[in-house]
Amino acid sequence: MDPVPAARQVKDDDALLFQRKFEEFLRTYSEEGIVAYEEEIRNLATPERNTLQVSFRHIHDHDNLLSQALLVQFYRFYPYLCEAVRNIASELVNDAESQGLLKQKQLFVNFSEVPNKEAVRELQSYKVGTLVKISGQVVRTHPVHPELWKGTFVCDECGVTIRGVVQHFRYTVPSQCSNPQCQNRTRWSLDLYESEFVDFQRVRIQEIQEELPRGCIPRNVDVILRGEAVEKVQPGDHCDFTGMLITIPDVSVLSGPGQRVNNKQKQRNQKGDSGGLQGLKSLGVRELNYKLAFLCTGVTPTLQMFDDINFKEIGADFESHWQLLSSADRNLLMEMAQDKELFRHMREALFPNIYGNDDVKLGILLMLCGGVQKSSPGATLRGDINVLLVGDPSCAKSQFLKAVENFSPRAVYTSGKASSAAGLTAAVVRDEESMDFVIEAGALMLADNGVCCIDEFDKMDQKDQVAIHEAMEQQTISITKAGVKATLNARASILAAANPVGGRYDKSKPLRHNIQLSEPIMSRFDLFFVLTDECNDTLDFAIAKRIVDNAMNSYIAEKRKPKYTVDDVRRYISFVKHLMPTVSTQAADRLREEYKKLRIGTGNSMVEMSSRSTVRQLESLIRLSEALARLQCVNEITPEHVESATKLLTKCFVRLDQPEVELDEDDFGNDSAFGQDMDVTDENIQPKSTDPAIEKAQGAQAHDPVKISYDDYVKIRELLVLHIRRDDERETNENWTGIKKKDLIDWYLNLIEDELDTVEDMNKQTKVLELVIKRLVDVENVLITMDKDEHGEPFLVDNPDFEI
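When we follow the working numbering, the leftmost residue of the sequence shown carries the number 18, and every step to the right adds one.
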C-alpha cells in the first residue's frame, strides 16, 4: 500500500451516504416498540466494552441497499460504520465522564447472522474486502499486543505535529511534512501520548475435518483479532469468525530477524548516503510479496450452547444457572433427568450403528460427564476419566472413537503410530514474521476441556508414551526448550484404542501380557474394556441384522429411532457437567469398604484386580461415582452410585480373565424338576443313601458348586431370553402370561440335542439349565416369575430392561 499522505484526503461520498443510512438504522430500528440497539450503544461507555453487536438480518429487513453494499465493499465502508457508532454513542451518553471515555477509545461494530459463509479453502483474491464468515479450529495463538491504530508524528526538522495517520497493517509514517517550507520526508518521531492504540492478537486457524476434500492437506489462515475479540479463543476451539479477507505485505522475506520494516520513501543524494537502495518502495512492486489474512470483527463458538466458559463468566451458583435457561431447555432437561431408561436412550442416540457392548457405552458416557476436579494447596486431583479399549480387529473400537469425536465439542482424533511426542503434547517453533519462539499446541492441548481420542495406542514408541505420563495424571504439559519455559494445561479425557499382542486377545493370559503398555501408563486409565470377536450365533445374527439395516437405511426410519437427538444429549451432558456432587457419609463408608475388597481380592477372578489396585483405583471409584451422580442429575453421591461404579470397574477385570461362573448347588432348592428324593451330582443321578457316612460324603459332593465357563453362561442366558421374546404364542395369544420353566428347558435341550451323546450328558445339562434359570431369576433379575399353573410351576417372562 502507498504511504498515507499528510494532506486531507478526498471525501468518499458513497461511504458517507451509507454512514448516514447506518446511523438512521441505529436510531430507528425497533422491536415491539423498543429501539433495538439503544441500550447496547449506551453500554459502550463502560471501560470493558468497545464493540457493538448488530444482527445483519435486521439491516437486511430495514434497508436492502445498505445490506448489499456492506456485503460487497465491507472493507471500504467499515471505518465509516465505526464512526457512525461513535456519533450515536455521543448522542446517547450525556455525562462528561462517559463522553471523555468514548473519546479515548476506538469503537468497533460486528455483524451476526451473516449469510455469506465460506470455507478456508475457498478464500481467494476476488473475495478481498467482502463481508464473509468462516469456520475453523484454532491451532496457534499469539500473545495480545498493543497495535498502533492512528499515529501522531512530530517532524524532527520543524516540529510540526501531524495527527491521525492511519496504519495500514505496518508502521506507516507521513509521506511529507505538511509545512510548505519543510521538505522532510524521513525524520519523524512518534508521539505515544497522542497516538491511539487498540488490543491486537494474531491467531491461526485450520479448516475443520468435515470441510476437508478427499486427499487434501488442511489449509490454514492467520486471523487478526481486535477489541473485544482478543483472548476469546484458545487452541482447539471450533469457532466462527466474521470479518473480511485482506492482503498484507509479507515483509518477513525482505527483512532479517528482529529488523523493523517501515513504510517510507528513501531520500537520495543526502549527506552521508553511501549505501544502496533501502526500503520497501525502492525495491519495486516485483519484489513485494503479499499474503492473505482475515481481519476479524467478531468470533463465536461453532456450537452454541451453555458451555463451561459461559457459566464461568456468569460466576453464579447452580440455581442461578438454571434460571438463565430458556423454558424449552428446562423442559428438556427435566424430561431427561426423570427418564428411567435414560442410559439406554442416550446409548441409542450416540451409538446408533454399534450393536451391544452396553458396558463400553456406559463407560464412555461417564467419561463424557466426568468427575469433579479437586484443588487444594499444593495438589490437584483430576476429574477427567481415561478409558482404554483393547480388543480384536473389527470390534468397533475405532467406531467408538469416531462417534465421540463427532459428538464432543472439543475432541481431537489422532493415531499413536503417526504422532510424535511433540505432536501429542506441544512443540516450540519459530514464528515466520517475528522470528521468536512460540508454542504450537499438540493433540492434548487442542483437546483441553474435551476428549483426546488416540487410536493404535499400543503402536506408540516408548519415548512417546513417557511424554504423556504427566498429561494423563497431572493434566499439565511442562516445556523447557529453546529458551521457553512454560507449564500448559491439558485437562482432557483420553479415550484410547489398542490391539492385543499377536492380533488376538488370549483369554488364558492376564491383560498386562496381552498388551504392550507399561505399568505406569496402565495405572492412569480408569476403565479397561476388552472386546473379543467370538463365534456366537445369537450375537452374530444381531450384529449382521444391524449392519444390513444400516445398509438399507431402515434403522433410523423404523421403530428403533432414538428418543433423543444428539443435540439433546449434548445439551444434557453440557448442563450436568456443572453439577458438583458431594460424597455422603454412607457413600464414604461404602467407598472405603469397596477399596478394601479391591486391595485384598476375592476369588480367582479378582487376582488381576487386586494385583493392580492402588490409590489411583480408589480415585477412579470416586470419579466414576461422581459421573454417575451427574448422569442422573443429582447433587449427592449415594451408596448405590458407589455400588454401580464398583460393578463397572470390577466387571472390566472379570471380563479380562473370563472366569468360570459358579452355580451354587444350594440355589437348586426344592424347586428342582428331579424331585426331593434324588441327589444330583456331576457324575450321575442316584438315590440318597441312608448310611450316615455315605450320606455325609454325598452331601459334601453335592455342595460342590457347579461351574461353567463365562462364554457358555452368556450363550445360555441370551438364547433363553431370545426364545421367550420370540415365542409364537406371545404374538397370537392376548392372555399370554409367560413360558413354563419345563418348556424352556425342553426347548433348549432340543436345540443342542446333537451335542448330547448320552443320558448322562442330558441330565447334567438339565441340571445346569435349572441352576442358570435360578440365577437369572434370583441374582441377575433377567427373568421374572409370574403366576403359577395348577401344578405350582411358575411362568417366566423376560425383563424388558435387559438388552442382548
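Glycine residues also receive a C-beta, built at the ideal position from the N, C-alpha and C atoms. All values derive from a computational prediction rather than experimental measurement.
Problem - Close Cβ partners of L608 (< 8 Å) along its chain, the five nearest in sequence each way excluded - result: Counted from its first residue, the sequence shown places residue 608 at position 591. Within the same chain, V600, L635, L638, I639, S642, V659 come within 8 Å of L608 by CB-CB distance, once the 5 residues on both sides are set aside.
Exercise for the section: Give the straight-line distance between the Cα atoms of I371 and F546, rounded to the nearest whole angstrom. Expected result: One-based indexing of the sequence shown puts residue 371 at position 354. One-based indexing of the sequence shown puts residue 546 at position 529. Approximately 15 Å between the Cα atoms of the pair.
Practice task
Output the boundary residues of the alpha helix (DSSP H) element that contains T783.
Solution key: Working through the sequence shown from its first residue, we reach residue 783 at position 766. Under the DSSP assignment, T783 falls in the alpha helix (DSSP H) whose first and last residues are 776–795.
Problem - Contact check, L418 vs C470, beta carbons under 7 Å - result: As a position in the sequence shown, residue 418 is number 401, starting the count at 1. As a position in the sequence shown, residue 470 is number 453, starting the count at 1. Contact flag set, yes.
Exercise for the section: Thinking A443 and I511 are a contact (beta carbons under 8 Å), I'd like their distance in whole angstroms, please. Expected result: Here residue 443 refers to the residue found at position 426 when the sequence shown is read from its first residue. Here residue 511 refers to the residue found at position 494 when the sequence shown is read from its first residue. About 16 Å separates the beta carbons of A443 and I511, which is beyond the 8 Å limit, so they are not a contact pair.
Problem - Closest Cα partner of V247 within the set H162, Y188, G181 - result: Taking the sequence shown and counting its residues from 1, one reaches residue 247 at position 230. Each of H162, Y188, G181 was checked against the Cα of V247, and the nearest Cα belongs to H162.
Exercise for the section: Could you tell me the distance, in whole angstroms, from the CA atom of T147 to the CA atom of E135? Expected result: Reading the sequence shown from its first residue, position 130 is the one you call residue 147. Reading the sequence shown from its first residue, position 118 is the one you call residue 135. Their backbone Cα atoms lie some 11 Å apart in a straight line.
Problem - Continuous alpha helix (DSSP H) stretch holding K120: start and end - result: As a position in the sequence shown, residue 120 is number 103, starting the count at 1. K120 -> alpha helix (DSSP H) spans 113–121.
Practice task
Output the boundary residues of the alpha helix (DSSP H) element that contains I764.
Solution key: Residue numbering aside, residue 764 sits at position 747 when the sequence shown is read from its first letter. Correcting the residue type first, residue 764 is Trp in the shown sequence and not Ile. Element bounds for W764: 758–768.
Practice task
Thinking C386 and V593 are a contact (beta carbons under 8 Å), I'd like their distance in whole angstroms, please.
Solution key: Translated into the one-based positions of the sequence shown, residue 386 becomes position 369. Translated into the one-based positions of the sequence shown, residue 593 becomes position 576. About 6 Å separates the beta carbon of C386 from that of V593, a gap short enough to meet the 8 Å contact definition.
Handout entry: L813 (DSSP reduced to helix, strand or coil)
Key = One-based indexing of the sequence shown puts residue 813 at position 796. L813: strand per DSSP, three-state reduction.
Practice task
Please classify W339: does DSSP put it in a helix, a strand, or coil?
Solution key: Sequence index remark: in the sequence shown, residue 339 carries index 322 (1-based). In the three-state reduction of the DSSP assignment, W339 falls in the helix class, which pools H, G and I.
Practice task
Would you kindly work out how many angstroms separate the C-alpha atoms of D815 and Y727, rounded to a whole number?
Solution key: As a first step, residue 815 is located in the sequence shown; it is residue number 798 there, counting from the start. As a first step, residue 727 is located in the sequence shown; it is residue number 710 there, counting from the start. Going by the C-alpha atoms only, they are around 21 Å apart.
Practice task
Mind the definition here: the region 509–523 touches the region 459–474 only if three or more C-beta pairs lie below 8 Å; say whether that holds.
Solution key: In this structure the region 509–523 touches the region 459–474; the number of beta carbon pairs closer than 8 Å is three or more.
Handout entry: Host beta strand (DSSP E) of Q70 (start-end)
Key = The residue given as residue 70 occupies position 53 in the sequence shown. Boundaries of the beta strand (DSSP E) around Q70: 68–72.
Exercise for the section: Please confirm whether L461 and A420 have their CB atoms less than 7 Å apart. Expected result: Numbered from 1 along the sequence shown, position 444 holds the residue referred to as residue 461. Numbered from 1 along the sequence shown, position 403 holds the residue referred to as residue 420. With respect to the 7 Å criterion, L461 and A420 are not classified as neighbours on the basis of their beta carbons.
Exercise for the section: State the start and end residues of the unbroken alpha helix (DSSP H) segment that holds M462. Expected result: On the sequence shown, position 445 is the one that residue 462 refers to. Its alpha helix (DSSP H) spans residues 460–463.
Problem - Opening and closing residue of the beta strand (DSSP E) in which M803 lies - result: Taking the first residue of the sequence shown as 1, we reach residue 803 at position 786. From DSSP, the beta strand (DSSP E) with M803 extends over 800–805.
Handout entry: Inter-stretch contact at 8 Å, needing at least 3 Cβ pairs: the region 113–130 / the region 88–105
Key = With the cut-off at 8 Å, the region 113–130 and the region 88–105 touch.
Practice task
Starting from the Cα of V723, find the closest Cα among E787, T667, L666, K759 and give me that residue.
Solution key: Counting from one through the sequence shown, the residue named residue 723 turns up at place 706. Out of E787, T667, L666, K759, E787 has the C-alpha closest to the C-alpha of V723.
Handout entry: DSSP beta-bridge partners of Q416
Key = Sequence index remark: in the sequence shown, residue 416 carries index 399 (1-based). Beta-bridge analysis with DSSP links Q416 to no other residue.
Problem - C-beta contact flag for T775 and F812 at 7 Å - result: Counting from one through the sequence shown, the residue named residue 775 turns up at place 758. Counting from one through the sequence shown, the residue named residue 812 turns up at place 795. Note that the C-beta distance between T775 and F812 is not below 7 Å.
Handout entry: Three-state secondary structure assigned by DSSP to M597
Key = Locating residue 597 in the sequence shown gives position 580, where the first residue counts as 1. In this structure, DSSP gives M597 a state outside helix and strand, which the three-state scheme calls coil.
Exercise for the section: Could you please give me the residues that DSSP links to R347 through a beta bridge? Expected result: Against the sequence shown, residue 347 aligns to sequence position 330. None, per the DSSP bridge assignment.
Exercise for the section: Would you please state the rounded distance, in angstroms, between the beta carbons of A366 and V501? I believe it to be under 8 Å. Expected result: Counting from one through the sequence shown, the residue named residue 366 turns up at place 349. Counting from one through the sequence shown, the residue named residue 501 turns up at place 484. About 44 Å separates the two Cβ atoms, so there is no contact after all.
Handout entry: Close beta carbons around W205, own chain, < 6 Å, minus the five adjacent residues each side
Key = If you number the sequence shown from 1, residue 205 lands on position 188. For W205, the CB contacts under 6 Å within the same chain, skipping 5 residues up- and downstream, are F170, V190 in chain order.
Exercise for the section: Count the other CB atoms, across all protein chains shown, that sit within 10 Å of the CB of Y307; report buried if there are 16 or more and exposed otherwise. Expected result: Walking along the sequence shown from the start, residue 307 turns up at place 290. Under this definition Y307 is an exposed residue.
Problem - Per-residue DSSP class, three states only, for S392 - result: The residue labelled residue 392 in the question sits at position 375 within the sequence shown. S392 carries a strand assignment under DSSP once its states are collapsed to helix, strand and coil.
Problem - DSSP beta-bridge partners of I222 - result: Looking up residue 222 in the sequence shown gives position 205. V155, V238, per the DSSP bridge assignment.
Handout entry: Cβ contact (3+ pairs, closer than 8 Å) linking the region 382–396 and the region 649–656
Key = Not touching, per the Cβ criterion.
Exercise for the section: Would you tell me roughly how many angstroms separate the C-alpha atoms of I76 and F42, rounded to the nearest one? Expected result: For the purposes of this step, residue 76 is taken as the residue at position 59 of the sequence shown. For the purposes of this step, residue 42 is taken as the residue at position 25 of the sequence shown. For I76 and F42, the distance between alpha carbons rounds to 7 Å.
Practice task
Closer than 7 Å by C-beta to A464: which residues in its own chain qualify, once you throw out the five before and the five after it? Chain order, please.
Solution key: Position 447 of the sequence shown holds residue 464. Once the five neighbours on either side are set aside, the close Cβ partners of A464 are G253, R427, A428, V429, A509.
Problem - Beta-carbon proximity check, V177 vs S195, cutoff 7 Å - result: Indexing the sequence shown from 1 puts residue 177 at position 160. Indexing the sequence shown from 1 puts residue 195 at position 178. Their beta carbons are under 7 Å apart, which means V177 touches S195 by this criterion.
Problem - E164, enclosing beta strand (DSSP E) - first and last residue - result: For the purposes of this step, residue 164 is taken as residue 147 along the sequence shown, with counting starting at 1. Taken as a continuous stretch (DSSP letters only), the beta strand (DSSP E) holding E164 covers 162–172.
Exercise for the section: Would you tell me roughly how many angstroms separate the C-alpha atoms of D729 and E473, rounded to the nearest one? Expected result: Counting from one through the sequence shown, the residue named residue 729 turns up at place 712. Counting from one through the sequence shown, the residue named residue 473 turns up at place 456. D729 and E473: Cα-Cα distance of roughly 31 Å.
Exercise for the section: Taking only the alpha-carbon atoms, compute the straight-line gap between R93 and D566 and give it to the nearest angstrom. Expected result: Here residue 93 is taken as the residue at index 76 of the sequence shown, counted from 1. Here residue 566 is taken as the residue at index 549 of the sequence shown, counted from 1. Roughly 55 Å between the two C-alpha positions.
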